[in-house]
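For what it's worth, our numbering labels the leading residue of the sequence shown as 25, then goes sequentially. We put the beta carbon where it would ideally sit given N, CA and C, even for glycine. Since this is a predicted model, take the numbers as computed values, not measurements. Working notes for the structure below.
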Amino acid sequence: MSTGISERRNNLLVALGVAGRESSNAAVMYHSAMGARLGLGMTEEKTLDLLQRLGPLTAGEIAQHAGLAPATVSGLIDRLEAKWLVRRVRDTKDRRRVIVEINYERLAGFGELFEPFVVALSQLYERYTDDELELILDFLNRSTALQRAATEGLTE
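As structure tokens, then:
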């Protein structure tokens, strides 16, 4: 037990560490299994998720949001383009810029695979008050920021 904290808090901190690792492992395994079903690597699948959530992005923006090195992103985009999942298009406002966008025709039906998990999460959210959901959201946003910073540290 750490000095200066109660046994209860110490136990909670240990349990949070274990639960965080289990959650991380479950997410990695889920996305690995989903990627296998879709014929994608995990980074490919998560890049498609970025593009779905944020819309068309440049390679540099993908690198920034994913925390990946630019050279890694170029190969990633090449792989996704070879699978007809994304396409590179010229920016209509600045023809020098190339934007990566999803080929939604090719992704038709992919969302159905996620549906059971999305429904289960919605049912879980119903158990919490709005105040509790705000606290959970705050924790997730802050822990995500910490993980992104840690990823950047590993990829620099």
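1) Residues bridged to Leu178 by DSSP?
2) Which residues in the same chain have their Cβ closer than 7 Å to the Cβ of Pro94, if we skip the five residues on either side of it in sequence?
3) If you count every other CB in all the chains shown that lies within 10 Å of the CB of Thr116, and 16 or more means buried, which is it?
4) So what's Ile23 in DSSP terms, helix, strand or just coil?
5) Under three-state DSSP, which class holds Glu150?
6) Can you name the residues that DSSP bridges to Trp126?
7) Taking the alpha helix (DSSP H) that Gly84 belongs to, which residues open and close that run?
8) Give the DSSP-derived three-state secondary structure of Pro80 in the structure shown.
9) What does the Cβ neighbour count give for Ala90, buried or exposed, with the cut at 16 atoms within 10 Å?
10) How about Arg111 and Glu125: are their beta carbons less than 8 Å apart?
11) Just to confirm my understanding: we take Gln76, look at its own chain, exclude 5 residues before and 5 after, and list those with CB closer than 6 Å. What are they?
12) Within the chosen definition, does the stretch 58–71 reach the stretch 127–140 through at least 3 CB pairs nearer than 8 Å?
13) Could you tell me the distance, in whole angstroms, from the CA atom of Gly44 to the CA atom of Arg33?
14) To the nearest angstrom, how far is the alpha carbon of Arg197 from that of Leu36?
15) So, using beta-carbon positions, are Leu193 and Leu109 closer together than 8 Å?
Quick answer:
1) None; Leu178 has no bridge partner.
2) Ala83, Gly84, Ala87
3) exposed
4) Nothing about residue 23 can be read from this structure; the chain reaches only from 25 to 180.
5) coil
6) According to the sequence shown, residue 126 is Ile rather than Trp. Paired residue(s): Val110.
7) 83–90
8) coil
9) buried
10) yes
11) none
12) yes
13) 16 Å
14) Since the first residue of the chain shown is 25 and the last is 180, residue 197 is not available in this structure.
15) Examination of residue 193 is not possible in this model, given that the chain is present from 25 through 180 alone.
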